[in-house]
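S.K.: The numbering of the sequence shown is our numbering, which starts it at 10 and goes up by one. All C-beta atoms in this analysis are idealised placements derived from N, C-alpha and C, irrespective of residue type, glycine included.
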Amino acid sequence: MPRRQKMTNHDNISDQKMIQQEFEALLEDYRQTPHRQKVELITSAFEFAKQAHSGIRRRSGEPYIMHPLAVARIVVREIGLGSTSICAALLHDVVEDTDYTVEDIETRFGPKIASIVDGLTKISGGVFGQQASLQAENFRKLLLTMSEDVRVVLIKIADRLHNMRTLQAQPLEKQYKIAGETQYIYAPLAHRLGLFPIKTELEDLSFKYEHPDTYQELQKKLEAIKGSQLEAFEQFAEPIREKLEMMGYEFTLQARIKSIYSIWKKMTAKHVLFEEVYNLLAVRIIFDAKLDMSEKDQCWMIYSALTEMYKPHPERIRDWISTPKANGYEALHVTVMGKDGQWVEVQIRTRRMHEIAEKGLAAHWKYKTGMAMEDETELDKWLRTIRDLLQNPSPNAVDFLSTFKLNLFAEEVFVFTPQGDIKTLPQNATVLDFAYLLHSELGDHCIGAKVNHKLQPLSYQLKGGDQVEVLTSHTQHPTMQWLDWAVTAKAQDRVKKYLRKQGVLSELFVEQQMAESDQPKEKNKQKSIILTDDNINILYKLEPCCHPIPGDDVLGYRDEQQHIHIHKVDCPEAARLKTHRGKSLLSATWDTTGAHTYPQAIHLEGIDKVGLVIQVLYTISENYHVNISEIEFKAKDGIFSGTLVLHVHGINEVNNIFRELNKIKEIKSFSRV
Ligand code: MN
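(1) Looking at the ligand MN, does it come within less than 7 Å of Asp-646, judged from the CB to the closest heavy atom?
(2) The ligand MN and Val-162: does any heavy atom of the ligand fall closer than 7 Å to the residue's C-beta?
(3) Less than 7 Å between the CB of Val-80 and some heavy atom of the ligand MN, yes or no?
(4) Helix, strand or coil: which one does DSSP assign to Gln-351?
(5) Which residues in the same chain have their Cβ closer than 8 Å to the Cβ of His-486, if we skip the five residues on either side of it in sequence?
(6) Buried or exposed: Lys-577, going by 16 or more other Cβ atoms within 10 Å of its Cβ?
(7) With the ligand GDP as the reference, list in chain order each residue whose Cβ lies under 5 Å from any of its heavy atoms.
(8) Could you give the C-beta distance for Val-345 and Tyr-319, rounded to a whole number, given that I count them as a contact under 8 Å?
(9) CB-CB under 7 Å to Val-563, same chain, minus the five flanking residues each way: which ones, in chain order?
(10) Assign Leu-441 to one of three DSSP states: helix, strand, or coil.
(11) I need the straight-line Cα distance from His-612 to Asp-561, nearest angstrom please.
(12) Ends of the beta strand (DSSP E) at Ser-482?
(13) Let me confirm a value: Gln-41 is counted as buried when at least 16 other C-beta atoms fall within 10 Å, else exposed. Which label applies?
(14) Pull the bridge partners of Tyr-549 from the DSSP assignment, please.
(15) Looking at the unbroken alpha helix (DSSP H) that takes in Thr-116, where does it start and where does it end?
(16) Taking Tyr-312 as part of the alpha helix (DSSP H), name the residues at either end of that continuous run.
(17) Taking DSSP's pairing of strands, which residues face Ala-495 in a bridge?
(18) Using 8 Å for Cβ pairs, my map puts Ala-97 next to Leu-129. What's the rounded Cβ distance?
(19) Quick check on Met-256: does DSSP put it in helix, strand or coil?
(20) So, for Val-477: in the same chain, excluding its five sequence neighbours on each side, which residues have a beta-carbon less than 6 Å away from its beta-carbon?
(21) In the DSSP output, which residue or residues are listed as bridge partners for His-656?
(22) Using DSSP bridges, identify the partner residues of Trp-599.
(23) Let me confirm a value: Arg-325 is counted as buried when at least 16 other C-beta atoms fall within 10 Å, else exposed. Which label applies?
(24) Could you round the C-beta distance between Ala-366 and Leu-441 to whole angstroms and report it? I think they count as a contact, below 8 Å.
(25) How is Tyr-224 classed by DSSP in three states: helix, strand or coil?
(26) What is the DSSP secondary structure of Ala-141, counted as helix, strand or coil?
(27) With 16 as the cutoff for other CB atoms within 10 Å, does Thr-17 come out buried or exposed?
(28) Taking the alpha-carbon positions, what's the Gln-528 to Glu-569 distance?
(29) Between Gln-25, Ala-199, Val-654, Asp-502, which lies nearest to Tyr-338 when the distance is taken from Cα to Cα?
(30) Confirm, please, whether the CB-CB distance from Thr-359 to Ala-298 is below 8 Å.
(31) Counting pairs of beta carbons, one from the region 182-190 and one from the region 228-244, are three or more of them closer than 8 Å?
(32) Checking 8 Å against the spacing of the C-beta atoms, do Ile-125 and Val-85 come in under that value?
(33) The beta strand (DSSP E) that contains Met-346, what's its start and end?
(34) Under 8 Å, with one C-beta from each stretch per pair, do the region 178-185 and the region 246-253 reach the 3-pair mark?
(35) Hey, out of Val-104, Thr-93, Ser-23, whose CA is closest to Lys-121's CA?
(36) Once you ignore the five residues that flank Ser-268 on each side, which residues in its own chain have a CB closer than 6 Å to its CB?
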């Protein structure tokens, strides 16, 4: 992030003291680790970086060196990396921001640290610049450096985490861009690399900057119930504690409360209120495994002890030990009913499994030394897939980016070949994906499959445990339609390649960067817009893709013709704009007088009864005097669904109407369309 400001005076004494303290804290973190004690090397990297950045401050006012120091601390404490990475983190902005070169770093610190710093410098401009092709190219670079040395990306994630933690100091439109980019690429990457706490924090922070009001509201609500949740935890944990002690285990019991972002995701996906989100509390049992028995057996023993105390939910047992997740995650998950009748998820893990769950890759490799090299984990396989994809890049970089993105965040399902081999696929993957996973030729000629001995089409979505036998025909070939069915990057990539060769698929994106670079840069361009009743449709247009209405968190995008388009902050189109056209974004705030109304379609579902439609219409038009311009109700087998277009003044009105409709007990769900 550009944030340089020359200091007027030289670093003063209190700055020096603060810097020294932070460095001491870093050394202390480092000494806590089992890594070899290379304090001297770390000290000289610190001294070098400090001197290189001296006299420069971050936008927040802090001396610049505080940033690399913070990144280095994240690298050691939260990711668990060693001295090479700590040094590279301390030096990560030196080449980018000062006159020193990679060669200077190499002379002083050797080729390994220098090559990591080099990798970090290459991807320093943010993954996404203003131009679509350039962003994708940068992203490719990021993956390329990652496949060479994954530490580059781990340090990059630490860098991004610190920038997100200090995002307050940045101007608003920059906050959008950085938060959007984080949500779009860094949180999924952290997830894929198994850095669960970092992924959660990145998501929460992006959400905080994209929906500041909602974030605060949820934070307050969560704060208010924390006490009672922790009390419930204590009660729930007590008998477990006794039992584990009896079994002779050293262990930790943790209460985990759902993150703000995941609560919000639940609320929007299920259209429920905060109060209706259940499973806020999860419990973790982390134990030191005994040496005389396998970790897996011990986890199941504890499971058995647990379910003697609490009844398990028959459909909610996840065994991530027999088949770990692709990011290396291992644990046994079970949902049991507490004494108060609430379902509580319990995660059972050994200390080793826990460290992998928290620190991902680094911990994973630490435990892996000594294993046979052929013992390739899902994570290794994933990294290999990236290398494969990079070696045969599709001609269109943007295309590559979007197909690759598909695979970052997906949860997995496990399916079986007829021979009983387990294959991992992202959730929602189809028969077509499975065929391509086995072999490209098999994919190209696939006509369907026998899933659990039953004939299923290409588009059939696989479920965990399915046994799949691919069926092929020589005359079969990929068509455009296949793109709708292919979920994995590999399948998408292959189908596109085939279609392109046939001339069916032309380049998906028209690039415009040649126009853009000739234009003189306009300074002082207006960076925010106030949305009023008077300037609607004159100054700005509310986009039909997401139908923003007053009260929604929105942002503006200025197109080449200087027209301003308003989207909801979390509209998928806005997500694309944030990452692809970051510099043309404006912040937008509502200031409506309440005279104007906006159309808003709502959808209702529930149990049909006589007079229900009248009751709904009465509630809306009589209590709120809201005009209704379209009504459509259907009922079948005792279930009704209805869509209405209301003319409302803003989001508050919609929420009030929802609250009122919620009192009609036959209505089971309602949502904005
Ligand atoms: Mn940095």
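M.R.: On the basis of the supplied data:
(1) no
(2) no
(3) yes
(4) In the structure shown, Gln-351 sits in coil (DSSP, three-state: anything other than H, G, I, E or B).
(5) Asp-453, His-454, Tyr-507
(6) buried
(7) Of the ligands this structure carries, namely the ligand MN, none is the ligand GDP.
(8) 4 Å
(9) Pro-557, Ile-575, His-576, Lys-577, Val-578, Ala-597
(10) Helix.
(11) 18 Å
(12) From DSSP, Ser-482 is part of no beta strand (DSSP E); its letter is neither H nor E.
(13) exposed
(14) Ile-545, Ile-573
(15) 111-118
(16) 304-318
(17) In DSSP, Ala-495 forms no bridge with anything.
(18) In this structure, Ala-97 and Leu-129 form a Cβ contact; the two beta carbons are roughly 7 Å apart against a cut-off of 8 Å.
(19) coil
(20) Val-424, Phe-443, Ala-458, Val-460
(21) For His-656, the pairing in a beta bridge is given by DSSP as Pro-608, Asn-636.
(22) Leu-540
(23) Exposed, by the Cβ-count rule.
(24) Contact doesn't hold; Cβ gap of about 32 Å is too wide.
(25) Looking at Tyr-224 - three-state DSSP - the assignment turns out to be helix.
(26) A caution first: Ala-141 carries a pLDDT of 47, below 50, which makes its placement in the model too unreliable to give a value.
(27) With a pLDDT of 47 at Thr-17, under the threshold of 50, the predicted position of this residue should be treated as unreliable, though the coordinate-derived value follows. When all chains shown are included, Thr-17 counts as exposed.
(28) Confidence at Gln-528 is low in this model, with a pLDDT of 39, below 50, so the placement of that residue should be treated as unreliable; the coordinate-derived value is given next. Approximately 11 Å, taken between the alpha carbons.
(29) Ranking the options by Cα distance to Tyr-338, first place goes to Ala-199.
(30) yes
(31) No: fewer than three Cβ pairs fall under 8 Å.
(32) no
(33) 341-346
(34) no
(35) Thr-93
(36) Thr-209, Asp-213
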